[in-house]
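Residue numbers (this note's numbering), protein chains in the order written: chain A, 6 to 143; chain B, -9 to 537. Working notes, beginning with the structure itself.
Listed below in structure tokens is the structure:
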């Protein structure tokens, strides 16, 4: 694991609000964690400090607003915090621009969820089943 | 020193064909390609690293490390960019060039496309010009490209195109479910439509298989060799003559000239065990076919005492008029079942609006699109008002990935001499060669054409049953990309062009260009068949000159 376990838990919880469970898996069950783990070690290694800063700042926001760790919040509370970050309406000091951090997080979670399985995400091709994409002649 | 009749720099659409024509005419050819010779497995099926969606790299080169370019932004500042990043304007670097992984749309330009200045006048600040040759001059060579590589289509239905002596060798690819509403919509509008001509086998052709309808076509290699590029047609033909030597992963450093300024050969570099090996070869003819950006770069980097500003650049024309295509179009949700997953996904087009549009210069072909992998769709195809995250965003992907139609087309750009390729002496690639520097934009009149075509795309989708329709306006920018063209334009006047009508660089007897660089204008169509037709024509001319 490249992030420490606390930030990893925050990442997982946030990713699961970006792609929540319904009839189909949430982000983490869909393989986003596997995808990000490899990307943090390769293509996204230069983004790891931004992730660490952004996730720590998201935790700080959770403490300010709800006096509790992000992972323990109700889903509605997590969504509210993420909407604030998305809009840049933060109350603590962020060393990465919150809107840019959020857009990056959303993009990378989507990549892990919808990508081809060689990228380690999209476990069991569940996202492709969801949208109706059937690979041919692979 | 090794000696050849011809050295060809770049084994893409243009260079691969010239190599085939010269080798089959009995001439001794060296074909140099900076990229590798990729097997199907090498190209792979990575949805995050393709020539279509290149988030972290490319599947057909160039490598994202060691191949930077300098781009001058709207702020006037220079930025260094890597091949997978915006603004780089990449085209594939491998044997076959872009044709290794292209979508293979095989459009002839229309007769009007060769006479743009005469038809429309020249807007202020533009370098719009007529070609020094006509559609009729090129027609036999379009036919040669269609038959020698293998093209599928329905020539009889292409009523807005110029006359032709012969149809296509294969019938069009089959329609799919999404063709139905678009055909109905066009009929309601009174628009003529037809299948899209493609260099893809609808049936076995010349020893290669038929298209199996896979859904990773454009941006990827073909699993059945049904997609015809130079890597599986003219280049193997050239090699089988025994007259052509292909060296891949060989970077041409410069074109060599003698004390009198005559072209004598090239120097190229090969990486071996972490070191660079430099080879110089002599040839009677040098053909530059590295793509509109790299060809200009090579000519500019080949300066000498006799040619202090680069070869062919006595009048500061090399690298100017860089153009590609703005893709203008719209997307819509269609409530009926339109998805059957059968590729390639390009099934219907209209050329009703390539010319004759009141108030704008030229126009564009409009067509439906290749099937997109889901992550590509997520990146490019969501409406602006749909949230990118949360239950609603996920639900939207689930409900509409297979109900979204996209029609768009390549807008004929109005060239601007200030949209250009130069070299950046202060930035070098991994071989130590100064890299390309891109600056300027296409001419602003292009935006009017793009806007006109966006409205036509919306109109088509509305008539086809689109319930929610969305599109975006274009902003002025430099355009090149996979359709890059124009940087060594043909012409009769050396003060306003780089080559003559056969691609021979002015003031040189034995230096030729054979790629999209030659295009005076780039049509409202995918340009590759025109690159190929010109290459057959120039190849024949060079072969005769060598004999």
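Glycine residues also receive a C-beta, built at the ideal position from the N, C-alpha and C atoms.
Check, Outcome
"Cutoff 7 Å: residue 222 (chain B) Cβ touching any chain A Cβ", "no"
"Interface residues of the segment 189 to 222 of chain B facing chain A [CB-CB below 7 Å]", "202, 203, 204, 205 and 213"
"Top-ranked residue by Cα proximity to residue 48 (chain A), from A:124, A:128 and A:138", "A:124"
"Among A:63, A:84 and A:26, the one whose alpha carbon lies nearest that of residue 74 (chain A)", "A:63"
"Limits of the unbroken alpha helix (DSSP H) element including residue 173 (chain B)", "169 to 179"
"Cβ of residue 368 (chain B) within 7 Å of any chain D Cβ", "No chain D is part of this structure, whose protein chains are labelled A and B."
"Beta-carbon spacing of residue 23 (chain B), residue 91 (chain B) below 7 Å", "no"
"Residues bridged to residue 256 (chain B) [DSSP beta-bridge criterion]", "B:245 and B:271"
"Touch test, the segment 33 to 47 of chain B against the segment 363 to 374 of chain B, Cβ-Cβ under 8 Å, three pairs minimum", "yes"
"Rounded C-alpha distance that separates residue 621 (chain B) from residue 424 (chain B)", "In the structure as shown, chain B begins at -9 and stops at 537. Residue 621 (chain B) is therefore absent and cannot be evaluated."
"Per DSSP, cross-strand counterpart(s) of residue 502 (chain B)", "B:277 and B:494"
"Residue-chain proximity (residue 7 (chain A), chain B), Cβ-Cβ < 7 Å", "no"
"Interface residues of chain B facing residue 68 (chain A) [CB-CB closer than 7 Å]", "Result: empty, since nearest Cβ-Cβ is about 23 Å, beyond 7 Å."
"Beta-bridge pairing of residue 123 (chain A) - partner residues as DSSP gives them", "Its beta-bridge partners do not exist; DSSP assigns none."
"Test: residue 109 (chain A) CB closer than 7 Å to a CB of chain B", "no"
"Close-in-space but distant-in-sequence residues of the same chain around residue 350 (chain B) (CB under 7 Å, 5 per side omitted)", "438, 439 and 442"
"Environment of residue 70 (chain B) [buried if 16+ CB atoms lie within 10 Å]", "exposed"
"Secondary structure of residue 563 (chain B), DSSP reduced to three states", "Because chain B in this structure spans residues -9 to 537, residue 563 (chain B) falls outside the shown range and cannot be described."
"Rounded distance between the beta-carbons of residue 106 (chain A) and residue 55 (chain A), thought under 8 Å", "6 Å"
"Interfacial residues, the segment 28 to 44 of chain B to chain A, with Cβ spacing under 7 Å", "35, 36, 37 and 38"
"Residues that DSSP places opposite residue 480 (chain B) in a beta bridge", "B:489"
"Contact list for residue 56 (chain A) against chain B, beta-carbon separation under 9 Å", "Chain B residues near residue 56 (chain A): none, gap ~16 Å exceeds 9 Å."
"Reference residue 182 (chain B); option with closest CA among B:-4, B:151 and B:98", "B:151"
"Three CB pairs or more closer than 8 Å across the segment 170 to 181 of chain B and the segment 332 to 341 of chain B", "yes"
"Continuous beta strand (DSSP E) stretch holding residue 465 (chain B): start and end", "First-last for residue 465 (chain B): undefined, no H or E at that position."
"Where the alpha helix (DSSP H) through residue 530 (chain B) begins and ends", "518 to 536"
"Neighbour-count burial assignment, residue 177 (chain B), 16 or more Cβ in a 10 Å radius", "exposed"
"Opposing strand residues paired with residue 460 (chain B) [DSSP bridges]", "B:321"
"Spatially closest choice to residue 270 (chain B) from B:253, B:111, B:229 and B:456, by CA coordinates", "B:253"
"Neighbouring residues, chain B, relative to residue 51 (chain A) (Cβ below 9 Å)", "Within 9 Å Cβ-Cβ: nothing; residue 51 (chain A) doesn't reach chain B, min ~12 Å."
"Below-7 Å beta-carbon distance, residue 364 (chain B) vs any chain A residue", "yes"
"Beta-carbon contacts of residue 322 (chain B) that lie in its chain and below 6 Å, excluding the five residues immediately before and after", "395, 451, 456 and 459"
"CB contact below 7 Å: residue 102 (chain A) versus chain B", "no"
"Proximity below 7 Å, CB of residue 475 (chain B) to CB of residue 506 (chain B)", "yes"
"Best match in A:93, A:43 and A:32 for proximity to residue 128 (chain A) [C-alpha to C-alpha]", "A:32"
"Residues within the segment 15 to 26 of chain A neighbouring chain B, beta-carbon criterion of under 8 Å", "22, 23, 24 and 25"
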